[in-house]
Amino acid sequence: MKYLKSHYGVLVAALLFLVLTWVFKTYMHSAMIDEINENTITAKEIQEASSMQKIWGVPSIQISTRIEALKSKVPNIKISSFTKEPKSLNASLIGLSAFEVESIVNEISNMPVEIKTLEVTPAPSGYNMKLVLKW
Numbered sequence: 445m446k447y448l449k450s451h452y453g454v455l456v457a458a459l460l461f462l463v464l465t466w467v468f469k470t471y472m473h474s475a476m477i478d479e480i481n482e483n484t485i486t487a488k489e490i491q492e493a494s495s496m497q498k499i500w501g502v503p504s505i506q507i508s509t510r511i512e513a514l515k516s517k518v519p520n521i522k523i524s525s526f527t528k529e530p531k532s533l534n535a536s537l538i539g540l541s542a543f544e545v546e547s548i549v550n551e552i553s554n555m556p557v558e559i560k561t562l563e564v565t566p567a568p569s570g571y572n573m574k575l576v577l578k579w
């Protein structure tokens, strides 16, 4: 008993430390859950925004014009197939340089289209790209 009385302050400090640690962990856990919820909301917003035409109301004529401009940037020898329909595009490009791939991807990411397929594979002559877009 004498031992407990002499170390009473240490015991109280230890219990106080445990309680404060528990409170801090609980607070941090709730903050982390809030952040996860915010990230989930952001992911849902991004998913909803994948159909940019609904948000921006861009006419498909402007999209077609931008796709034609994109096609004109690629040399004809590198276009294996390029099928443009009223609301979609199927394209296969071969022998692209890394810079060409990057510029095409950047251009597409700035268009209000939905990317259905974007495959880039290394090839002996550069990179091959398969692209399917919908709008």
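Positions in the sequence shown are counted from 1; adding 444 to them yields the working numbering.
The C-beta atom is built at its ideal place from N, Cα and C for all residues, glycine as well.
DSSP lists N534 and T561 as the bridge partner or partners of V576.
As DSSP reads the structure, I523 sits in a beta bridge with L537. By the neighbour-count criterion, in which 16 or more other beta carbons inside 10 Å mark a residue as buried, L464 falls on the exposed side.
Residues of the same chain with a CB within less than 6 Å of the CB of S525, apart from the 5 flanking positions on each side, are S536 in chain order. Counting C-beta atoms within 10 angstroms of its own C-beta, M573 has 16 or more neighbours from the protein chains shown and is therefore classed as buried. If you look at S553, you'll find it in the alpha helix (DSSP H) that goes A542 to S553. Cβ neighbours of I507 within its own chain (closer than 6 Å, five residues either side excluded): W579. Here A567 is actually not in contact with I521; their C-beta atoms are around 14 Å apart, not less than 8 Å.
Taking E551 as reference, the option from L575, T470, E529 and L460 with the minimal CA-CA separation is L575. The C-alpha of E544 lies about 9 Å from the C-alpha of K517. Here the C-alpha atom of N554 lies approximately 24 Å from the C-alpha atom of G570.
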